[in-house]
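*Asks:*
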Amino acid sequence: MAKIIWASPWSLWGAGIGLLGLLTGGGVQRSGRIVEFWGGFLPLFLRYFPFVAGSPVATFGHVVVGRSQRHLEACRPHQLIHVQQYECWGPLFIPMYLGWWFFLLTRGKHPYYDNPFEREAYDGTR
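In our numbering, the protein residues as written are 740 to 865.
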């Protein structure tokens, strides 16, 4: 329960985005301790919102938003690791993630693929 509370600021943000998707024709389902939203306005959000632009899914705390159910299913193992990262870092996760993003940019590295949070998520799903 403490992990859910610790990650809750970002879960609330994700739920707000997910509800916008639901109100615009999307869907919602539960997968274990994760709430997943798809469709409606979410493909547009995922196409243009900074730092997730172009991604088929994005995780915010215990909420994952996706373009479609198919994308959610395909990306679920990777996103589950991000949920665990939110449980560890709580409200600090996004500032830490973005801090790495900008640090890597200044070093000529790829801000997504070289980001330690992404590397952990990719390594955990291989």
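C-beta: ideal position from N, C-alpha, C; glycine also.
Would DSSP call PHE726 helix, strand or coil?
*Replies:* One cannot answer for residue 726 here, as it falls past the ends of the chain, which runs 740 to 865.
*Asks:* Could you tell me the boundaries of the beta strand (DSSP E) in which PHE856 lies?
*Replies:* The residue given as residue 856 occupies position 117 in the sequence shown. Looking at the DSSP string, PHE856 is not in any beta strand (DSSP E); the run it does join, the alpha helix (DSSP H), is 855–862.
*Asks:* The ligand GTP and THR763: does the residue's C-beta get closer than 8 Å to at least one heavy atom of that ligand?
*Replies:* Absence of the ligand GTP is noted for the structure shown, with no ligands found whatsoever.
*Asks:* Going by C-alpha to C-alpha distance, which of LYS848, GLN768, VAL791, ALA860 sits closest to GLU812?
*Replies:* For the purposes of this step, residue 812 is taken as residue 73 along the sequence shown, with counting starting at 1. Closest option to GLU812, Cα to Cα, is GLN768.
*Asks:* When the Cα atoms are used, what is the spatial distance from THR798 to HIS817?
*Replies:* In the sequence shown, counting from the first residue as 1, residue 798 sits at position 59. In the sequence shown, counting from the first residue as 1, residue 817 sits at position 78. Near 10 Å, if we compare the C-alpha coordinates of HIS817 and THR798.
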